[in-house]
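Right, one structure below, let's go through it.
Residue numbers (this note's numbering): 1 to 355.
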């Protein structure tokens with residue numbers, strides 16, 4: 001794989017700025033990774049593409065409102081923070097805009113008496129800061145559940161930078177999956193945004209097993225692949241959890257001939273991390289797994305995913321699963337047929353002849 005294999009041209013008009021009118025109202029591009037056949041469908045059609053013996057794996061992470069607006073005390077200059085989680089040793093890390101002028105010791109003011117103090121900045125140009133008063137970073141894996149308590153609703157849902165519009169009330173629930181339970185992500189696991197509770201219920205009524213895991217989406221999801229050899233790309237570690245019971249049930253379904261259908265690249269990474277020994281096992285920790293064409297998939301047989309940014313590790317994962325040429329052809333078809341791209345866009349279902 002070369003970096004150019006992850007590149008494509010996308011008209012701005014195909015970047016979805018708003019979700020479909022109905023949560024399950026998106027289109028679905030079905031790609032057979034064995035034959036390369038591409039079929040147009042709608043998202044509710046996925047129910048008919050799932051088999052009774054399959055197991056559908058969902059990510060129940062919840063997006064935390066980590067966009068925080070603060071002010072410089074003397075000038076009132078506005079600073080926007082995207083809080084990423086705990087910092088080294090103490091405090092917190094954030095992407096700050098603008099970062100210039102945020103010197104050590106500076107106190108920043110938020111609403112309702114909230115105050116932050118700058119500790120410094122990291123080599124990656126992340127702002128390192130502490131909350132004045134209560135700065136207990138808690139024991140939750142990313143710290144963002146504790147952040148939610150400390151900021152008491154002052155933060156905003158962090159829409160991705162390519163959604164160039166103001167936040168609206170609808171985003172509070174549409175940029176969150178219906179099965180979100182565990183606070184910890186700075187971005188949504190977007191493949192899950194299409195699912196309604198009715199769809200999940202209907203799938204289970206059909207016989208499809210539904211299992212859940214957690215992978216908290218971190219800043220690495222936005223980092224583009226820059227190396228001409230994408231295999232050298234590294235991602236920031238993200239926290240994941242797969243319970244022993246869920247791992248055993250998924251493994252049993254697969255051994256009985258069912259497909260493991262991962263909803264989103266987050267589920268793919270978590271499952272493949274937990275199956276690096278060749279057998280799926282429970283896991284709890286941090287993964288920096290980068291999936292390249294050399295990766296041998298151990299457990300994932302099919303996947304639901306959105307259309308991803310060019311030169312992204314997410315597109316590299318999808319291309320590794322379905323084949324570089326297959327995905328390039330499918331993306332070209334999607335552009336030619338006006339599919340909507342990225343977080344609020346349409347979905348793909350990728351499967352094979354035997355899986």
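Just so you know, even glycine gets a beta-carbon here, dropped at the ideal spot from N, CA and C.
Just so we're clear, the structure is a prediction, and the values are computed from it rather than from any experiment.
For residue 198, the enclosing alpha helix (DSSP H) starts and ends at 197–206. Given a length threshold of 4 residues, each whole run of the alpha helix (DSSP H) inside the segment 230–295 is given here in chain order: 244–255, 265–274. One alpha carbon belongs to residue 178, the other to residue 191, and they sit about 12 Å apart. Judged by their CB atoms, residue 211 and residue 249 are nearer to each other than the 8 Å cut-off.
Relative to the Cα of residue 104, the nearest Cα in the group 118, 113, 114 belongs to 118. In the three-state reduction of the DSSP assignment, residue 209 falls in the strand class. For residue 172, the uninterrupted alpha helix (DSSP H) run begins and ends at 171–174, by DSSP. A distance below 7 Å between beta-carbons, with the five flanking residues on each side excluded, links residue 18 to the following residues of its chain, in chain order: 344.
A check of alpha carbon separations from residue 331 across 22, 24, 36 identifies 36 as the nearest. Apart from sequence neighbours up to five positions away, the residues of its chain that approach residue 182 with a beta-carbon distance below 7 Å are 60, 61, 62, 214, ordered along the chain. In this structure, the alpha-carbon of residue 199 lies about 31 Å from that of residue 296.
Within the same chain, 14, 16, 346 come within 7 Å of residue 340 by CB-CB distance, once the 5 residues on both sides are set aside. For the options 124, 72, 128, 126, the alpha carbon positioned closest to that of residue 111 is the one of 72.
Looking at 184, 115, 120, the one whose alpha-carbon comes closest to that of residue 144 is 184.
Between residue 54 and residue 258, the C-beta gap is smaller than 8 Å, which places the two residues in contact.
Just so you know, the alpha carbons of residue 222 and residue 327 end up roughly 20 Å apart.
Within the segment 79–125, the complete beta strand (DSSP E) segments at least 3 residues long are 92–97, 107–109, 115–121, listed from N- to C-terminus. Pairwise C-beta distances place the segment 161–175 out of contact with the segment 81–92, as fewer than three of them are shorter than 8 Å. About 13 Å separates the Cβ atoms of residue 108 and residue 151, ruling out a contact at the 8 Å cut-off. With respect to the 8 Å criterion, residue 10 and residue 225 are not classified as neighbours on the basis of their beta carbons.
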